[in-house]
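Take our numbering: the final residue in the sequence shown is number 1361, and no numbers are missing along the way.
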Amino acid sequence: MEEPPQKPRAARYIEGRVEQKGLRPRFAAAVIASVWLVSIVVFGIIEHLVDPDSFDNIWLGMWWATQTVTTVGYGDAVPSETSGRVIAMVLMVGGLSMFAVVTATITSAFIARAQAERGSGRDAALQQKFDRVAAELKTVGEQLARLAPPERSPSEGDEHT
């Protein structure tokens, strides 16, 4: 049988870190920011190669990519070629998605922490109530056992039928 291809070192590191410590907002934000920093460099280089008239050097391409991914868009550098505009659309959608994911991750962490804090106090109170009810049921059962006449075996007392 053919072995599956081994994952890149970065993917293995991220998976190991998430398995070990869980997905924390700070780590998620760092991973997303790192991916987008690399993307800015890559998209800047690609834009320079695709549209050299508008982006005469790689730095200008990276400046444009930074403006685009952060949705600032000063307008001082814009692609003039159709292929450059398609790349810009991908980068814009990616930038919006990045901010949505970062915001959702951080919000989720705050909500989970608040629920855990509220839930732990509520769970303790419910456990106390459950323990009280269980003790009362035990007491009632013991009292019923003392009040009930002893059970007769089926062979003992069916003389009157």
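We treat Cβ as the ideally placed atom computed from N, Cα and C, and that holds for glycine. Since this is a predicted model, take the numbers as computed values, not measurements.
Beta-carbon proximity check, residue i vs residue j, cutoff 8 Å
i       : j       : result
Leu1291 : Val1269 : yes
Gly1284 : Asp1251 : yes
Thr1339 : Ala1229 : no
Whole-Å CB distance - residue i paired with residue j, under 8 Å assumed
i       : j       : result
Ala1277 : Ser1254 : 7 Å
Val1302 : Ile1232 : 6 Å
Closest by C-alpha distance to residue i, when choosing among the options
i       : options                            : result
Phe1243 : Thr1339, Glu1336, Gly1294          : Gly1294
Met1298 : Ser1239, Ala1211, Arg1224, Gln1220 : Ser1239
Ala1211 : Arg1226, Val1235, Gln1328          : Val1235
Val1241 : Leu1344, Leu1337, Arg1217, Trp1259 : Trp1259
Pro1225 : Ile1311, Ala1334, Thr1266, Trp1263 : Ile1311
Leu1296 : Gln1267, Val1333, Gln1315, Arg1332 : Gln1267
Leu1237 : Glu1219, Trp1264, Arg1217          : Trp1264
Task: Contact the region 1281–1289 vs the region 1245–1260: 3+ CB pairs below 8 Å - done: yes
TODO: List in chain order: all unbroken alpha helix (DSSP H) runs of 4+ residues lying wholly within the region 1211–1287.
DONE: 1225–1250, 1258–1269
Task: Minimum length 4: unbroken alpha helix (DSSP H) runs contained in the region 1288–1347 - done: Here no run is fully enclosed.
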